[in-house]
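Participant: Once you know that position 105 of the sequence shown is 106 in my numbering, the rest is easy, because the numbers rise by one and skip nothing.
Positions of the beta carbon are idealized from the N, C-alpha and C atoms, including for glycine.
The structure follows.
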Amino acid sequence: MEELVQRFRFVVPQSKTIPQMGVNAFFVDGLLIDTGHRNAQKQVMKAFGDLPIEQIILTHHHEDHTGNLAALKQKINVPMYAHAYCAKLMESPPPVCFIERKTWGANTAVSGIQPVDKTIETNRYKFHIVHTPGHSEDHICLYEPNQGWLFSGDLYVHHYIRYFMATESVIEQIESLKKVLKLDVHRYFCSHSFKEDSFVERFTKKLQFLENFYGIVVELHQKGFSPSSIMKEIKMKEQWLIRLLSGGWLSGINMVRSAIRDAERNS
Ligand SMILES: [Zn+2]
2 MEELVQRFRF VVPQSKTIPQ MGVNAFFVDG LLIDTGHRNA QKQVMKAFGD LPIEQIILTH
62 HHEDHTGNLA ALKQKINVPM YAHAYCAKLM ESPPPVCFIE RKTWGANTAV SGIQPVDKTI
122 ETNRYKFHIV HTPGHSEDHI CLYEPNQGWL FSGDLYVHHY IRYFMATESV IEQIESLKKV
182 LKLDVHRYFC SHSFKEDSFV ERFTKKLQFL ENFYGIVVEL HQKGFSPSSI MKEIKMKEQW
242 LIRLLSGGWL SGINMVRSAI RDAERNS
């Protein structure tokens, strides 16, 4: 049977300090979803060279999803879409930290991305845009109700998360997971993992993980614990190498701080 959704996986070469990581981009009926990272540009341009790409959509502005948009725009110049905030950010992308630049490569500015907030259509499919902030403010998922597909970007990745970027929100991720769990999804497409099945089980597991984490952190914070003493109390290990190589942009303590920030905002 013809594979309706094509997955392209680009892997960061293994080094001693940086673990091997991969990022996925998807092609479905003329629509390219994300563009891979800049450090894989040769493979990306080779892989996408013969694809009949008619339009491109970004799940969010992070460099592992958008690193080749500028090169693709120059080569094929097709309509590009993203959440309005993503389109704005891409005009002058925020700088990436050392470890991200080493792993994924730089982000290049791209203008002319059209904001999309309801649907995007191909010849055969109609994808609903689901705004799912938390990992980033501009994050969207694409839901195709007739097929039961969800292109979930970085909303899931794994049910267990060890560190956050400084700007991530636990509460918004919880709300976004609840939002997609209301959809009738049979197959999901994650930007980093190969898993596609057991949507409800996997996404529920992540939701429960984040809800438990949020609950315990807020409780300890209200008792007067500091972020680092909360980590000790819940036996959460800091990811020191990642924290140092990212200049503090990525860390375990950012997860704790995020929960406290969210709780204070909501009180
Ligand atoms: Zn991301």
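Can we count SER177 as close to ligand 1, meaning its CB is less than 7 Å from some heavy atom?
Facilitator: Here residue 177 corresponds to residue number 176 of the sequence shown, with the count starting at 1. Outside the cutoff, so no.
Participant: Note down, in chain order, each residue of its chain lying with its Cβ closer than 7 Å to the Cβ of HIS38, except the 5 sequence neighbours on either side.
Facilitator: Taking the first residue of the sequence shown as 1, we reach residue 38 at position 37. Contacts found: PHE11, VAL24, GLU64, ASP65, GLY68, TRP105, GLY106.
Participant: If you measure from the CB of ASP139, is any heavy atom of ligand 1 nearer than 7 Å?
Facilitator: One-based indexing of the sequence shown puts residue 139 at position 138. No, the beta carbon of ASP139 sits no closer than 7 Å to any heavy atom of ligand 1.
Participant: From the DSSP output, which residues share a beta bridge with GLU145?
Facilitator: Your numbering for residue 145 matches position 144 in the sequence shown. DSSP, once it has assigned bridges, lists TRP150 as partnering GLU145.
Participant: Is the beta carbon of ILE100 less than 8 Å from the beta carbon of ASP118?
Facilitator: Counting from 1 along the sequence shown, the entry for residue 100 is found at position 99. Counting from 1 along the sequence shown, the entry for residue 118 is found at position 117. Against a cut-off of 8 Å, the Cβ pair of ASP118 and ILE100 comes out as no contact.
Participant: Give the single residue among GLN240, LEU73, VAL171 whose Cα lies nearest to the Cα of ILE217.
Facilitator: What you label residue 217 is simply residue 216 of the sequence shown in a count that begins at 1. Of the candidates GLN240, LEU73, VAL171, the one whose C-alpha sits nearest the C-alpha of ILE217 is VAL171.
Participant: Excluding five sequence neighbours on each side, which residues of the same chain lie with their C-beta closer than 6 Å to the C-beta of ASP155?
Facilitator: Position 154 of the sequence shown, counted from the start, is the residue given in the question as residue 155. Within the same chain, ASP155 has close Cβ partners HIS136, SER192.
Participant: Count the CB pairs spanning the region 218-226 and the region 173-185 that are closer than 8 Å, and state whether there are at least three.
Facilitator: They do not touch, by the three-pair rule.
Participant: Pull up the distance between the alpha-carbon of LEU33 and that of PHE210, whole angstroms please.
Facilitator: Here the question's residue 33 lines up with position 32 in the sequence shown. Here the question's residue 210 lines up with position 209 in the sequence shown. Taking the straight line from one Cα to the other gives about 31 Å.
Participant: Check whether the Cβ of HIS61 sits closer than 7 Å to any heavy atom of ligand 1, and report yes or no.
Facilitator: Reading the sequence shown from its first residue, position 60 is the one you call residue 61. Yes; taking the cut-off as 7 Å, the Cβ of HIS61 has a heavy atom of ligand 1 nearer than that.
Participant: Leaving out the 5 sequence neighbours to the left and right, which residues in its chain are closer than 6 Å to ALA167 when beta-carbon positions are compared?
Facilitator: Taking the sequence shown and counting its residues from 1, one reaches residue 167 at position 166. Cβ within range, chain order: TRP250, ASN255.
Participant: Can you tell me whether DSSP reads HIS66 as helix, strand or coil?
Facilitator: Residue 66 sits at position 65 when you count from the first residue of the sequence shown. Looking at HIS66 - three-state DSSP - the assignment turns out to be helix.
Participant: Could you give the DSSP three-state label for ALA26: helix, strand or coil?
Facilitator: The count along the sequence shown starts at 1 and reaches residue 26 at position 25. Here ALA26 sits in strand by DSSP.
Participant: Does ligand 1 have a heavy atom nearer than 7 Å to the CB of HIS136?
Facilitator: If you number the sequence shown from 1, residue 136 lands on position 135. Result yes, Cβ under 7 Å from ligand 1.
Participant: Compare the Cα-Cα distances from ILE162 to each of GLU239, ILE141, ILE121 and report the closest residue.
Facilitator: As a position in the sequence shown, residue 162 is number 161, starting the count at 1. When each option's Cα is compared against that of ILE162, the closest is GLU239.
Participant: Measure the alpha-carbon distance for ALA85 versus SER112 and round it to whole angstroms.
Facilitator: Taking the sequence shown and counting its residues from 1, the one referred to as residue 85 is at position 84. Taking the sequence shown and counting its residues from 1, the one referred to as residue 112 is at position 111. Using only the alpha carbons, I get a separation of about 12 Å.
Participant: Closer than 7 Å: is that where the CB of ASP35 sits relative to any heavy atom of ligand 2?
Facilitator: Questions concerning ligand 2 fall outside what the structure shown contains, since the ligands it does hold are ligand 1.
Participant: Quick check: LEU182 and LEU208, are their CB atoms within less than 8 Å of each other?
Facilitator: By 1-based counting over the sequence shown, the position of residue 182 is 181. By 1-based counting over the sequence shown, the position of residue 208 is 207. It is a contact, given that the beta carbons lie within the stated cut-off.
Participant: Suppose only complete runs of 3+ residues qualify. What are the beta strand (DSSP E) ranges in the region 76-102, listed by chain order?
Facilitator: Within the region 76-102, the complete beta strand (DSSP E) runs of at least 3 residues are 81-83.
Participant: Verify whether the separation of the beta carbon atoms of ILE121 and ILE54 is less than 8 Å.
Facilitator: Locating residue 121 in the sequence shown gives position 120, where the first residue counts as 1. Locating residue 54 in the sequence shown gives position 53, where the first residue counts as 1. No, these two residues do not count as a Cβ contact at 8 Å.
Participant: Distance cutoff 8 Å, beta carbons only. Does TYR157 sit that close to anything in chain C?
Facilitator: No chain C appears in the structure shown, which is made up of a single protein chain.
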